[in-house]
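The structure under discussion appears below in the form of structure tokens.
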Amino acid sequence: EMSCNELLVSVTKPGCEDYPNMDSEESYKLSISEDSFLLTADSVWGALRGLETFSQLVGRAEDGTYYVNKTDIVDFPRFRYRGLLLDTSRHYLPVKAILETLDVMAYNKLNVFHWHIVDDPSFPYESAAFPDLSEKGAYNPITHVYTPNDVKLVIEHARLRGIRVIPEFDTPGHTLSWGPGAPGLLTPCYIGSKPSGAYGPVNPILNSTYQFMAVLFREVSTVFPDFYLHLGGDEVEFTCWRSNPEINSFMKQMGFGQDYTELESFYIQRLLDMVSSYGKGYVVWQEVFDNGVKVKPDTIIHVWKESVPYQHKMAQVTKAGYRALLSAPWYLNHISYGQDWLAAYKVEPLQFAGSSEQKALVIGGEACMWGEYVDATNLTPRLWPRAGAVAERLWSNETVRDLQDAYYRLADFRCKLLGRGIQAEPLFVGYCDHEYSRS
Amino acid sequence: VWPQPQHVRVWPGSSSRLVPARFRFGYARDSAVGPGCAVLDQAFLRYWRLLFAAQRRPPEYEQLW
Numbered sequence: 003e004m005s006c007n008e009l010l011v012s013v014t015k016p017g018c019e020d021y022p023n024m025d026s027e028e029s030y031k032l033s034i035s036e037d038s039f040l041l042t043a044d045s046v047w048g049a050l051r052g053l054e055t056f057s058q059l060v061g062r063a064e065d066g067t068y069y070v071n072k073t074d075i076v077d078f079p080r081f082r083y084r085g086l087l088l089d090t091s092r093h094y095l096p097v098k099a100i101l102e103t104l105d106v107m108a109y110n111k112l113n114v115f116h117w118h119i120v121d122d123p124s125f126p127y128e129s130a131a132f133p134d135l136s137e138k139g140a141y142n143p144i145t146h147v148y149t150p151n152d153v154k155l156v157i158e159h160a161r162l163r164g165i166r167v168i169p170e171f172d173t174p175g176h177t178l179s180w181g182p183g184a185p186g187l188l189t190p191c192y193i194g195s196k197p198s199g200a201y202g203p204v205n206p207i208l209n210s211t212y213q214f215m216a217v218l219f220r221e222v223s224t225v226f227p228d229f230y231l232h233l234g235g236d237e238v239e240f241t242c243w244r245s246n247p248e249i250n251s252f253m254k255q256m257g258f259g260q261d262y263t264e265l266e267s268f269y270i271q272r273l274l275d276m277v278s279s280y281g282k283g284y285v286v287w288q289e290v291f292d293n294g295v296k297v298k299p300d301t302i303i304h305v306w307k308e309s310v311p312y313q314h315k316m317a318q319v320t321k322a323g324y325r326a327l328l329s330a331p332w333y334l335n336h337i338s339y340g341q342d343w344l345a346a347y348k349v350e351p352l353q354f355a356g357s358s359e360q361k362a363l364v365i366g367g368e369a370c371m372w373g374e375y376v377d378a379t380n381l382t383p384r385l386w387p388r389a390g391a392v393a394e395r396l397w398s399n400e401t402v403r404d405l406q407d408a409y410y411r412l413a414d415f416r417c418k419l420l421g422r423g424i425q426a427e428p429l430f431v432g433y434c435d436h437e438y439s440r441s
Numbered sequence: 004v005w006p007q008p009q010h011v012r013v014w015p016g017s018s019s020r021l022v023p024a025r026f027r028f029g030y031a032r033d034s035a036v037g038p039g040c041a042v043l044d045q046a047f048l049r050y051w052r053l054l055f056a057a058q059r060r061p062p063e064y065e066q067l068w
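Chains as they are written, first to last, in the numbering used here: chain A, 3 to 441; chain B, 4 to 68.
Below you can see the structure in the form of structure tokens.
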């Protein structure tokens with residue numbers, strides 16, 4: 003048994019890139035022989051993936067010595083978008099919890115953090131242009147907010163791990179928390195001829211709405227360096243719009259009839275044009291596609307609904323020539339008794355009726371952790387190692403599907419996570435050499 | 004390894020020992036990227052710590068830290 007004291011890293015293309023992006027090269031080669039360890043990658047992002055692999059190859063013998071077996075690895079991702087969504091509106095997640103999640107994402111070679119930062123219940127994003135949004139919309143404007151420094155910290159922590167941060171400011175629905183800090187932005191709901199005092203989605207018929215959005219999204223476009231923003235567009239409830247006489251008068255004027263999806267499309271269209279003008283690309287939830295909104299050809303359609311089998315939607319979206327991102331089978335906030343990681347693992351993103359050109363438009367997928375029943379107390383064990391199943395499906399070869407083999411490797415990986423201080427839940431009965439310890 | 008790499012070849016029975024006090028990550032001579040690249044400099048520190056959590060960092064890492 004030889005001893006080697008160095009892992010040499012060779013990056014072939016010059017440049018320590020600023021931020022990872024959709025086209026970042028993540029392939030690497032790792033050569034472990036008795037007397038030399040060499041990691042080669044085209045970019046620093048590939049080198050990061052190789053370092054993670056190396057760290058998983060190192061074992062520890064009973065006498066405490068560290069060793070690594072002679073190994074050659076050639077590796078690259080199957081999909082270039084391998085994401086995880088955290089919802090920080092239903093419950094506030096402390097920055098520390100987000101940073102730890104980014105750490106574990108890197109251990110799993112996930113590369114996109116989709117930050118669903120605001121929604122109906124709370125608005126924790128501290129906006130420079132509109133400080134009242136968090137002042138009046140956060141659960142607590144002092145303790146339950148993400149300051150500009152917090153956001154920078156998250157973006158930098160992610161960058162250093164080769165992870166992109168895509169924020170989502172979902173509109174026109176899911177915006178109740180915006181109301182108190184932005185008077186006039188939301189639609190007043192009516193009962194008969196009188197306002198009920200309740201509010202619905204963003205009011206799409208006022209110029210002031212678009213002026214507000216222009217300023218907010220200009221700020222967001224600057225704060226978040228990734229080319230893509232997630233603009234939401236899901237679950238728009240029409241009851242309030244339907245009750246409002248001014249909205250109905252506008253509908254008539256525009257010739258929309260009683261079709262409120264037309265009104266929704268009118269709003270989304272203007273929003274997308276605005277964001278495009280800031281030099282940004284966008285991801286939208288599938289309803290935007292379902293409603294026939296005219297979007298840029300490079301728009302990414304995020305497929306999430308299970309009501310219509312998602313395979314049909316993947317086929318439709320790609321047939322229309324749009325890039326598709328899959329989340330429908332990966333809502334990890336849904337839990338059940340037993341080994342539910344298996345369901346996530348068995349998914350095959352390209353299993354839908356379509357041509358090879360259509361399949362090439364599937365850029366990857368995203369595990370989602372919606373926050374209705376999740377805060378910092380249960381986030382980590384609910385996510386890990388279950389999100390690992392999604393990570394392997396998106397990174398590894400399509401042929402890697404052996405459930406028994408996956409079980410042993412995932413159980414072993416989960417033990418490694420415990421060793422790294424991560425409270426990952428067990429897959430089934432068993433033990434780890436080093437169990438989780440609080441210290 | 005999780006997730007499973009695309010191609011792996013392991014030679015059983017042939018292994019190397021790692022001595023934490025001496026082990027380091029470094030840039031190969033032909034690497035187009037070298038010291039000063041924060042992404043890798045910091046990753047070296049991070050992974051050294053992950054591998055040998057209970058050990059003392061080598062002097063050059065102490066300095067960087």
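Every residue, glycine too, gets a C-beta built ideally from N, C-alpha and C.
This structure is a prediction, so every number in the text was calculated from the model and none was measured.
Check whether the Cβ of residue i lies closer than 7 Å to any Cβ atom in chain B.
{"i": "A:C6", "result": "yes"}
{"i": "A:Y68", "result": "yes"}
{"i": "A:D25", "result": "no"}
{"i": "A:I75", "result": "yes"}
{"i": "A:A393", "result": "yes"}
{"i": "A:Q425", "result": "no"}
{"i": "A:T14", "result": "yes"}
{"i": "A:W486", "result": "The structure shown does not extend to residue 486 of chain A, since chain A spans only 3 to 441, so no value can be given for it."}
{"i": "A:L53", "result": "yes"}
{"i": "A:W397", "result": "yes"}
{"i": "A:K298", "result": "no"}
{"i": "A:C18", "result": "yes"}
{"i": "A:Q406", "result": "no"}
{"i": "A:F268", "result": "no"}
{"i": "A:R440", "result": "no"}
{"i": "A:N71", "result": "yes"}
{"i": "A:K111", "result": "yes"}
{"i": "A:F415", "result": "yes"}
{"i": "A:A49", "result": "yes"}
{"i": "A:R62", "result": "no"}
What does a CB cutoff of less than 7 Å around residue i pick up in its chain, not counting 5 residues either side in sequence?
{"i": "A:E128", "result": "S136, V147, Y148, T149 and P150"}
{"i": "A:A393", "result": "R84, N110, K111 and L112"}
{"i": "B:S17", "result": "none"}
{"i": "A:T301", "result": "Y284, V286 and Y324"}
Compute the minimum distance between the beta carbon of residue i and the heavy atoms of the ligand ADP, and state whether it is under 6 Å.
{"i": "A:D236", "result": "The ligand ADP is absent from the structure shown, which contains no ligand whatsoever."}
Using beta carbons (cut-off 7 Å, strictly below), is residue i in contact with chain A?
{"i": "B:W5", "result": "yes"}
{"i": "B:R52", "result": "no"}
{"i": "B:P24", "result": "Per the sequence presented here, residue 24 of chain B reads as Ala, with Pro not at that position. No, B:A24 does not count as interfacial toward chain A."}
{"i": "B:D44", "result": "no"}
{"i": "B:P1", "result": "One cannot answer for residue 1 of chain B here, as it falls past the ends of chain B, which runs 4 to 68."}
{"i": "B:L48", "result": "no"}
Look up residue i in the DSSP assignment and give the residues it is bridged to.
{"i": "A:I302", "result": "A:V285 and A:R325"}
{"i": "A:V114", "result": "A:G85 and A:R166"}
{"i": "A:K276", "result": "Sequence check: residue 276 of chain A is Met here, not Lys. Bridge partners of A:M276: none, in fact."}
{"i": "A:I75", "result": "A:L32 and B:V11"}
{"i": "A:K315", "result": "In the DSSP output, where bridge partners are listed per residue, A:K315 has none listed."}
{"i": "A:E8", "result": "B:R27"}
{"i": "A:Y127", "result": "A:Y148"}
{"i": "A:Y69", "result": "A:G61 and B:R20"}
{"i": "A:E368", "result": "A:G85"}
{"i": "A:G234", "result": "A:T173"}
{"i": "A:F415", "result": "DSSP, once it has assigned bridges, lists no residue as partnering A:F415."}
Report all residues from its chain with a CB closer than 6 Å to the CB of residue i; omit the five preceding and five following residues, and keep chain order.
{"i": "A:F39", "result": "C6 and L9"}
{"i": "A:A346", "result": "W332, A391 and V392"}
{"i": "A:V70", "result": "I34, L59 and V60"}
{"i": "A:T200", "result": "Reading the sequence as shown, one finds Ala at residue 200 of chain A and not Thr. Contacts found: C191."}
Under the assumption that residue i contacts residue j (Cβ atoms under 8 Å), give the Cβ distance between them as a whole number of angstroms.
{"i": "A:R411", "j": "A:A426", "result": "With a Cβ gap of about 14 Å, A:R411 and A:A426 do not count as contacting."}
{"i": "A:G234", "j": "A:E308", "result": "The Cβ separation is near 18 Å, so there is no contact."}
{"i": "A:V286", "j": "A:V297", "result": "7 Å"}
{"i": "A:F81", "j": "A:G366", "result": "3 Å"}
Starting from the C-beta of residue i, find all residues in its chain whose C-beta is less than 8 Å away, skip the five residues before and the five after it, and write them out in chain order.
{"i": "A:T382", "result": "A99, E102, T103, V106, I424, Q425 and A426"}
{"i": "A:R384", "result": "L334, N335, I337, M371, V376 and E427"}
{"i": "A:Y68", "result": "V60, G61 and R62"}
{"i": "A:R163", "result": "L50, L104, D105, M107 and A108"}
{"i": "A:Y184", "result": "The identity of residue 184 of chain A in the sequence shown is Ala, whereas the question assumes Tyr. Within the same chain, A:A184 has close Cβ partners F132, D134, L135 and F214."}
{"i": "A:L429", "result": "Q341, W343, P387, Y409, L412, A413 and R416"}
{"i": "A:Q288", "result": "D236, I303, H304, V305, W306, K307, K315 and V319"}
{"i": "A:I119", "result": "T90, S91, P126, Y127, Y148, P169, E170 and F171"}
* Asked: Which residues, in chain order, does the stretch 226–242 of chain A contribute to contact with chain B at a C-beta distance below 8 Å?
  -> none
* Along the stretch 168–191 of chain A, what residues have a CB closer than 8 Å to any CB found in chain B? -> none
* To do: For the stretch 280–293 of chain A, enumerate the residues whose C-beta is nearer than 9 Å to any C-beta of chain B, in chain order.
  => none
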